[in-house]
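Just below is one structure, and these are the notes that go with it.
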Amino acid sequence: MENFFIRYKNPLVLMAFLVIQVIVLATQVKRPDNSRGSNAEGTRLIRVWTVTAITPFEHALVSTGRFFRNTWHSYVDLHDVRRQNRELREEIDRMRLEQVRLRTDAEQSRRLQALLDFKQRYLGPTVAAQVIGASGSEQARVIYIDKGSRAGIKQDMAVITPDGIVGKVRDVYPLSSQVLLINDRESGAGVIMEGSRLQGVLRGKEMGELRVMDILSDEKVEVGERVITSGGDRIYPKGLPVGTVTAVGPDPDASPFLAVTLKPAADLNRLEDVLVVTKIAEEAPESAGNEAPHRAADILAQRLPTVPKKEENAAPTTAGSGTAGAQPTPPKNNRVNPGQQPDQAGSVVKKSAATTGEVNAKPSPTPKLSRPQPQAGDTEKPPR
Amino acid sequence: MSPAAVSVTSREGIEVHQFGWPTSIGIPLLAVFVQVFVSKWLGFIKIFDFPLLVTIFFAVARRRPIPGLITGAAIGTLQDVFAGSLIGLNGMANTMIGYLASSLGVRIDVDNPGSRFLMTLSFCLVHRFLYMVIDRGLVGANEPWYWTHTLVSAVANGLMAVVLFAGLDKLKERP
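Structure, rendered in structure tokens:
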């Protein structure tokens, strides 16, 4: 560096003198400002030069400051955005949980409303219960409900849903009960084909299938036909939906009977709210209809003897029964009550021991399968 | 203070002259006085530039750039002060002429009348050019360039330099 000044001493001194004189000159010269008019006094050149020389540095300084300020603000904003993002995510999670809860509540409300509607239509006393557990085993298809002996639950009471039957109470505890599902191997129920009026016994299979047994192979059962309870087992009220026929074939284990496979009407794998029938009513519920509930007066009117119309009395009259009109007419909806023999109920269906759901009910002394005889006044139609 | 204080001898074989303080100060003052005040009564003097001629003479005689540019800066600034023009116009121009002249004096023989004429003529043109550049570039003036007047003035100054320098040579002191 020292050599540089020594080597270029003369030019440097010249430059210094020139710079000094330029500065001196600039302090005297006034550059006219055209923007302020021709008569306006101009700005001194030294000021113009100074400002011109300083402006780039000032601009750079301001730009640098703005850059760092913007960077800092961006960082702060980003930090805030991240915080807000975290808060919003937490709020979204809370809202999702709330949504799930509301959806669950709405679903539960809908189920309970349907259950309540069903219960209101169902004349017999029932107890609403919630499913609180399951067996957790493929071998034992049972569930646990939150009602027990304190709620009036007793053994062998039917457990149903608005969609169809579920099972029966097997064990009763003070605060809970164990329910044997209808697809369990040990379960059974008396059922009847809604269309063909064939009766059979509903049993569960190893894989949880529902199968109607004891139907002769020469009978005709169609896929898609609905199956309802017959009431002969004295456990399930008559006329409740059981399921729909999904397959029909010869029973390899019990020839010459048919093996009719059903799809249960109630979703046995998704049970949440059920009704326990504490007392089987004389009137069966409306299985799936949306009709108005029966009034007590209507039911009583149906039970009372009525004078048949002429068209209806024509056949009995021609039969030579002169006292037909004096005798009490069977009820229009002559159903098989659980404690009543099928013949006593006026049904012409001859039941076999199997059709009474003898697995869990009392055996019938006349094990015979037959097609119901279509006669006037047959009341084996599904309850409505 | 001895005369050596204002003159520096640096190289062997080159004749370096020095001047006494009265000469170093009085001659430039006289030149400025003549140029500024006498020219008011004798208008033809304006065609000459005595401060410039004195600057060239001292710079060439001393053959040192820094003393030469200092001499030019001082004489030019003094001329600006008395002339009432912007201080620095002649100062910067004379500074550069002093620097160039002293640098030139190291390399060529400047004691010959012919070379003095040509040298002065050239420096007058350069001085005029520098003055115009500074005047237009820094001050923003729009003074026109007259070639004829510039050339006549340069020739006149060259001739005046031959005469003037011969007279000033008598004031040189041997180291």
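These protein sequence lines are chains A and B, in that order.
Under the numbering used here, the first residue of the first sequence is numbered 127, with each subsequent residue one higher.
Under the numbering used here, the first residue of the second sequence is numbered 3, with each subsequent residue one higher.
Heads up, the beta-carbon is just placed ideally off N, CA and C, and yes, glycines get one too.
These numbers were taken from a predicted model, which means no experiment stands behind them.
Sequence-distant residues of the same chain with beta carbon closer than 6 Å to residue i, five excluded per side
| i | result |
| --- | --- |
| Ser155 (chain B) | Ile49 |
| Ala445 (chain A) | Note that Ala445 (chain A) has pLDDT 38, beneath the 50 cutoff, so the model's placement of it is unreliable and the number below is only indicative. Hits under 6 Å: none found. |
| Leu301 (chain A) | Gly274 |
| Pro382 (chain A) | Ser343 |
| Phe52 (chain B) | Ala33, Val36 and Gln37 |
| Arg276 (chain A) | Pro300 |
| Phe244 (chain A) | Pro288 |
| Leu166 (chain B) | Leu55 |
| Pro251 (chain A) | Thr404 and Lys405 |
Partner residues on chain B for residue i, Cβ-Cβ distance less than 7 Å
| i | result |
| --- | --- |
| Phe194 (chain A) | Going along chain B, no residue has its Cβ under 7 Å from Phe194 (chain A), so there is no contact; the nearest lies around 38 Å. |
| Asn136 (chain A) | Pro67 and Ile68 |
Same chain, Cβ closer than 8 Å to residue i, neighbours up to 5 away in sequence not counted
| i | result |
| --- | --- |
| Gly321 (chain A) | Glu348, Glu351 and Arg352 |
| Asp137 (chain B) | Leu91, Ala143 and Glu145 |
Residue i: contacting residues in chain A (beta-carbon distance under 9 Å)
| i | result |
| --- | --- |
| Thr97 (chain B) | Leu140, Phe143, Leu144 and Gln147 |
Option in the options with minimal Cα separation from residue i
| i | options | result |
| --- | --- | --- |
| Ile286 (chain A) | A:Leu394, A:Asn136 and A:Arg229 | A:Leu394 |
| Val292 (chain A) | A:Thr176, A:Gln147 and A:Val257 | A:Val257 |
| Asp282 (chain A) | A:Arg296, A:Leu187 and A:Arg192 | A:Arg296 |
| Leu102 (chain B) | B:Gly74, B:Ser87 and B:Leu80 | B:Gly74 |
| Trp346 (chain A) | A:Gly334, A:Gln325 and A:Arg360 | According to the sequence shown, residue 346 (chain A) is Lys rather than Trp. Closest option to Lys346 (chain A), Cα to Cα, is A:Gln325. |
| Pro390 (chain A) | A:Gly262, A:Pro288 and A:Thr404 | A:Pro288 |
| Leu242 (chain A) | A:Leu336, A:Val400 and A:Leu223 | A:Val400 |
| Gly138 (chain A) | B:Ile27, B:Thr97 and B:Thr122 | It is worth fixing the name first, because residue 138 (chain A) is Leu in this sequence and not Gly. With distances taken between Cα atoms, Leu138 (chain A) lies closest to B:Thr97. |
| Val298 (chain A) | A:Val268, A:Val327 and A:Ile308 | A:Val268 |
| Thr79 (chain B) | A:Gly369, A:Ile146 and A:Leu397 | A:Ile146 |
| Ile406 (chain A) | A:Gln265, A:Ala284 and A:Val207 | A:Ala284 |
Distance, residue j Cα to residue i Cα
| i | j | result |
| --- | --- | --- |
| Thr152 (chain B) | Met134 (chain B) | 11 Å |
| Gln467 (chain A) | Ser356 (chain A) | Unreliable positioning characterises Gln467 (chain A) in this predicted model, as indicated by a pLDDT of 38, which lies under 50. A coordinate reading is not provided. |
| Ile120 (chain B) | Ala95 (chain B) | For clarity, residue 120 (chain B) is Leu in the given sequence; the question names Ile instead. Computed Cα separation, rounded: 19 Å. |
| Thr150 (chain B) | Lys42 (chain B) | 23 Å |
| Ile318 (chain A) | Tyr270 (chain A) | 28 Å |
| Leu151 (chain A) | Ser104 (chain B) | 25 Å |
| Leu171 (chain A) | His185 (chain A) | 20 Å |
| Leu140 (chain B) | Leu55 (chain B) | 25 Å |
| Gly375 (chain A) | Val338 (chain A) | 11 Å |
| Val112 (chain B) | Gly70 (chain B) | 15 Å |
| Asn211 (chain A) | His205 (chain A) | 10 Å |
| Ala518 (chain A) | Pro67 (chain B) | This structure cannot speak to residue 518 (chain A), because chain A is shown only from 127 to 510. |
| Asn136 (chain A) | Gly45 (chain B) | 38 Å |
| Asp272 (chain A) | Ala240 (chain A) | 19 Å |
| Tyr362 (chain A) | Ala315 (chain A) | 8 Å |
| Phe193 (chain A) | Ala61 (chain B) | 55 Å |
| Glu224 (chain A) | Arg237 (chain A) | 19 Å |
| Leu132 (chain B) | Asn129 (chain A) | 31 Å |
| Ile308 (chain A) | Arg229 (chain A) | 30 Å |
| Ser303 (chain A) | Thr404 (chain A) | 13 Å |
Under the three-state DSSP convention, the category residue i falls into
| i | result |
| --- | --- |
| Pro362 (chain A) | Inspection of the sequence shows that residue 362 (chain A) is occupied by Tyr rather than by Pro. Three-state result, Tyr362 (chain A): coil. |
| Phe52 (chain B) | helix |
| Ser303 (chain A) | strand |
| Tyr101 (chain B) | helix |
| Phe46 (chain B) | helix |
| Ile308 (chain A) | coil |
| Gly142 (chain B) | coil |
| Leu91 (chain B) | helix |
| Phe383 (chain A) | strand |
| Ile269 (chain A) | strand |
| Val62 (chain B) | helix |
Amino acids of chain A, ordered along the chain, whose beta-carbon sits closer than 8 Å to that of residue i
| i | result |
| --- | --- |
| Ala75 (chain B) | Phe143 and Gln147 |
| Met121 (chain B) | Within 8 Å Cβ-Cβ: nothing; Met121 (chain B) doesn't reach chain A, min ~19 Å. |
| Tyr1 (chain B) | A question about residue 1 (chain B) goes unanswered here, because the residues of chain B that appear run from 3 up to 177. |
Spatial neighbours of residue i in its chain, beta-carbon cut-off 7 Å, leaving aside the 5 residues before and after
| i | result |
| --- | --- |
| Met162 (chain B) | Phe50 and Leu55 |
| Asp82 (chain B) | Leu88, Ile89, Gly90, Leu91, Asn92 and Gly93 |
| Thr372 (chain A) | Val349, Thr387, Leu388 and Lys389 |
Interface partners of residue i on chain B, CB under 8 Å
| i | result |
| --- | --- |
| Val155 (chain A) | Leu88, Leu140, Val141 and Gly142 |
Partners in chain E for residue i, counting only beta-carbon separations shorter than 7 Å
| i | result |
| --- | --- |
| Val150 (chain A) | Among the protein chains of the structure shown, namely A and B, there is no chain E. |
Contact list for residue i against chain A, beta-carbon separation under 7 Å
| i | result |
| --- | --- |
| Gly93 (chain B) | Gln147 |
| Leu127 (chain B) | Chain A residues near Leu127 (chain B): none, gap ~20 Å exceeds 7 Å. |
Where residue i meets chain B, residues with beta-carbon distance less than 9 Å
| i | result |
| --- | --- |
| Leu171 (chain A) | Leu140, Val141 and Gly142 |
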